[in-house]
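Trainee: Count the sequence shown with the working numbering and you get residues 2 to 297, in order. Beta carbons are placed, not taken as given, at the ideal position from N, Cα and C, and that holds for glycine.
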Amino acid sequence: MLIGGIEAGGTKFVCSIGNGPDDLHAEVRFPTTTPAETLGKAIAYFHERVVKYGPLAAIGVASFGPVDPDSDSPSYGFITSTPKPGWANTNIVGALRAEFDVPIGFDTDVNGAALAEGKWGAAQGLDTFIYLTIGTGIGGGAMVNGRLLHGLIHPEMGHIRLSHNWESDPYPGNCPYHGDCLEGMAAGPAIEKRWGEKGQDLDPDHPAWELEAGYLAQALQSFICVLSPQRIIMGGGVMEVPGLMEKIQKKTLIYLNNYVQHPSISDHIDETIVRPALGNRAGVLGAIALGIQALD
Ligand code: ZN
């Protein structure tokens, strides 16, 4: 059974076919340009693969957002209000449906990654967990009681408010909507603007990382209190900085201050706040997992 997957990112699209981490092939990636050109390339990719490998059973799309994941809504399958030029109100699922008569799964990139980590990665066997990505933006997906969390639309974990000490950190934040929300303070572009250097060029001992860990730990403290996740998976380029994960684990414990009583927090924080097991393949595997889910 062949599943098609599209990781629809704001800077690149990754298309693949397969069934899971051990069966994923013919991966291609191309830059995200206009919707017509980019979706045209994805559609052409699947048509070519169908000729070579046989028909697809389903297609999954794990998309940058905001998106409409509500299958009862008239704008289901759309990227909705994105500030990315040309992409607001883009009907991704509709474009695929016009070409392929198969079930199509559609969700946020981070919900897709959460689904994949639950199926094949760092959250196997768990039913309530979070997948966060800390990169050019900050996003979070959640599995709650075995189902991907939606609600009105979908969670926007990157845009929660933080406690901001303006004396020790006068940087005002760069979220166009909220200024100093989590993404505005802790995503890659915020690090670069605050310190005048890209995060990847800052020494792992630079004070930037204590500050970064503090903001991320504030967010984790909130997420732990709100959703009681059994695990929090943290991916994205910023998390590759040596020592950052350990700083986050430590500060999260400090902020929780023994209030949430569970051995996973008090004794095993390093097994509760973890890296993705699927690494940078979580995105495209998320798309494949959404395709598999669409068959149910
Ligand atoms: Zn924001």
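(1) Let me know if isoleucine 255 comes out buried or exposed under the rule of 16 or more other beta-carbons within 10 Å of its beta-carbon.
(2) Who sits around ligand 1, taking every residue whose Cβ is closer than 6 Å to one of its heavy atoms?
(3) Let me know the secondary structure DSSP gives asparagine 112 once reduced to three states.
(4) Report, in whole angstroms, the separation of the C-beta atoms of arginine 276 and glycine 236, which I expect to be a contact under 8 Å.
(5) On the criterion of 16 or more Cβ atoms from any shown chain inside 10 Å, does lysine 252 qualify as buried, or is it exposed?
(6) Between which two residues does the alpha helix (DSSP H) carrying histidine 26 extend?
(7) Under the three-state reduction of DSSP, which class applies to glycine 55: helix, strand or coil?
(8) Once DSSP output is grouped into helix, strand and coil, what is the label at leucine 153?
(9) Tell me which same chain residues have a C-beta within less than 6 Å of the C-beta of leucine 133, skipping the five on either side of it?
(10) By DSSP, does phenylalanine 101 sit in helix, in strand, or in coil?
(11) Can you tell me the Cα-Cα spacing of methionine 2 and alanine 187, whole angstroms?
(12) Let me know the secondary structure DSSP gives tyrosine 132 once reduced to three states.
Mentor: Looking at the atomic coordinates:
(1) exposed
(2) His160, Cys176, Tyr178, His179, Cys182, Glu184, Gly185
(3) helix
(4) 7 Å
(5) buried
(6) Not the alpha helix (DSSP H): histidine 26 falls in the beta strand (DSSP E), residues 24-32.
(7) coil
(8) coil
(9) Gly141, Met235
(10) coil
(11) 41 Å
(12) strand
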